[in-house]
Structures are given as structure tokens and as C-alpha cells.
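One structure below.
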Amino acid sequence: DSSTRPRPSFDMSAAIVCAGDKLGPLDQYASGPGTYAKDGFIYASLVGYQRIQDSGSTAGEAPSSSAKPALEVVSKNSVPLVPRPGDVVTVKVQRVQQNNVTCSIMCVGPRALDVEFRGLIRLQDVRATEVDKVVLPECFRPGDVVRAEVLSLGDARSYYLTTARNTLGVVYAKSAAAGAPMVPVSWQEMQCPETLTVEKRKVAQVETTS
227 DSSTRPRPSF DMSAAIVCAG DKLGPLDQYA SGPGTYAKDG FIYASLVGYQ
277 RIQDSGSTAG EAPSSSAKPA LEVVSKNSVP LVPRPGDVVT VKVQRVQQNN
327 VTCSIMCVGP RALDVEFRGL IRLQDVRATE VDKVVLPECF RPGDVVRAEV
377 LSLGDARSYY LTTARNTLGV VYAKSAAAGA PMVPVSWQEM QCPETLTVEK
427 RKVAQVETTS
């Protein structure tokens, strides 16, 4: 009965299994990572969260009668890092449109992500003042590296982000003319050290420690 099978989830509230725990029969499941088979049953080989990896049938293709879902155990220390509201993240700008900026989230705090998530900076979330005067191409450009804060979960695997604090915004950008890393000259401008060309950005204020 599928209702009695373990949920295929990284949910931290899921039951933890220990090494040696019996997980399921070999006639219903395949032995996946973090498990081993013995005497017709599958057992956990480490302490972690149990999940099911579906068999590899694709849309429009009838599942093979021999294909079985695999039982896996994911180590407690290897549960994927997921952005949460309030987290400060480092993102790379992919596309700038009139009303929003699409980014790929690279890090949560100092930790790099193993799984790719998409971020969206909306026009109203760029800065806290003079929101009606925001022009997105003057704040961000594709390739910019930006420090942002997670506001909320958006659509599937995407997050709404904000840069509406002084310490949030562009932290790394290359000049359009020379492709050289630019240096901030104000909260809304960066300069190319080679051509001295100034470009507009929503610059992140450097955090200093006394």
C-alpha cells in the first residue's frame, strides 16, 4: 500500500532512521544510497532521513514492471541547504526586465548551494525610498553579483528577494566598456578603473567592523 511508504522528502520533521533499521522488502523496493540488502530486506547503513526515489519512468512511457522505487537514506549532514525568508543570499543576475530582475541564487550566507534556486527582485523591492523612480537597468545588469535578502517563497523553486537596505545590492560588477571589475563611488554608481567610465547600479554598502 503506497500510503504506508515513507514520504520522498527532505522534511526535517520526517522520522530519522538508524544504521541497521529495516526499511522495506526487496520485492517492493530497490536498495539505494545509504542502504544495503540482506535476506530479502533493505536496511539503513547510516543515520539519516528515509526517502523513496521514484523509478525512472518518463511522461508518455509506460513504467516497466521490473522497475521498483529505490529506498534511500540521506545523511543528516547532507540535507540540501534551502533559502528561507530572512536569509541573506548572494545571487547572480540573469535577466533584467522592466518590472523585475531574474537571478540564480548561489549562496545562503557564506555557504554555497548544491541545488539551484531562482530569485526574483521586483521593482518595488529594489530600495526603500523613491520606489516610483526606480529604473531596473540603472540598478542591475546581467552578470552582476548581488547581495539580497529572501522575502518569501514565490512560484516553484523561486524566491522573492529584496535589496531595500543599505547593505544590500550589487557587490561585484564588470564594466560594459572594458569588462574590468568596477569599484563603488557612491550608493548608486560604480566606476571602471581602466576607462574611468561611471555606470549606474544599486550598490551595496560595504559592512565595516569597528
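Residue numbering for the sequence shown follows our numbering, beginning at 227 and increasing consecutively.
Just so it is clear, CB atoms sit at the ideal spot from N, CA and C, and this is done for glycine as well.
None of the values given here were measured: they were computed from a predicted structure.
Exercise for review: Look at L394 and Y386 and say whether their C-beta atoms are less than 8 angstroms apart.
Suggested key: Numbered from its first residue, the sequence shown carries residue 394 at position 168. Numbered from its first residue, the sequence shown carries residue 386 at position 160. No, they are not a contact pair.
**Study point:** Which of helix, strand or coil DSSP assigns to D359
**Key:** Residue numbering aside, residue 359 sits at position 133 when the sequence shown is read from its first letter. Note on identity: in this sequence residue 359 is Lys, with Asp being the wrong assignment. Three-state DSSP puts K359 in a helix.
**Study point:** V315 - containing beta strand (DSSP E), residue span
**Key:** Taking the first residue of the sequence shown as position 1, residue 315 is located at position 89. It spans V314 to V322 - the beta strand (DSSP E) in which V315 sits, taken as one unbroken run.
Check your understanding: Taking Cβ to Cβ, would you say S271 is nearer than 8 angstroms to A293?
Key -> Taking the first residue of the sequence shown as position 1, residue 271 is located at position 45. Taking the first residue of the sequence shown as position 1, residue 293 is located at position 67. No.
Review point. Just reading off the beta strand (DSSP E) that N326 is part of, what are its end residues?
Key: Taking the sequence shown and counting its residues from 1, the one referred to as residue 326 is at position 100. It spans N326 to V334 - the beta strand (DSSP E) in which N326 sits, taken as one unbroken run.
Practice item. Look at the Cβ atom of Q324, then the Cβ atom of L362, and state whether they are nearer than 8 angstroms. Key: Taking the first residue of the sequence shown as position 1, residue 324 is located at position 98. Taking the first residue of the sequence shown as position 1, residue 362 is located at position 136. Yes.
Review point. DSSP three-state call for E420: helix, strand or coil?
Key: Residue 420 sits at position 194 when you count from the first residue of the sequence shown. Residue state, collapsed to three classes: coil.
Point to revise | Supposed close pair F366, V357 - CB separation, criterion 8 angstroms | key: Sequence index remark: in the sequence shown, residue 366 carries index 140 (1-based). Sequence index remark: in the sequence shown, residue 357 carries index 131 (1-based). So it is not a contact: roughly 15 angstroms between Cβ atoms.
**Study point:** Contact set for Q333: own chain, Cβ-Cβ below 8 angstroms, skip 5 residues either direction
**Key:** In the sequence shown, residue 333 corresponds to position 107, counting from 1. The question names Gln, but residue 333 is Cys in the sequence shown. V315, T316 and L339.
Point to revise | Unbroken beta strand (DSSP E) run spanning V397, endpoints | key: Reading the sequence shown from its first residue, position 171 is the one you call residue 397. Unbroken beta strand (DSSP E) run through V397: G395 to Y398.
Check your understanding: For the ligand GTP, any of its heavy atoms closer than 7 angstroms to the Cβ of R353?
Key -> Among the components modelled here there is no ligand, and therefore nothing to report on the ligand GTP.
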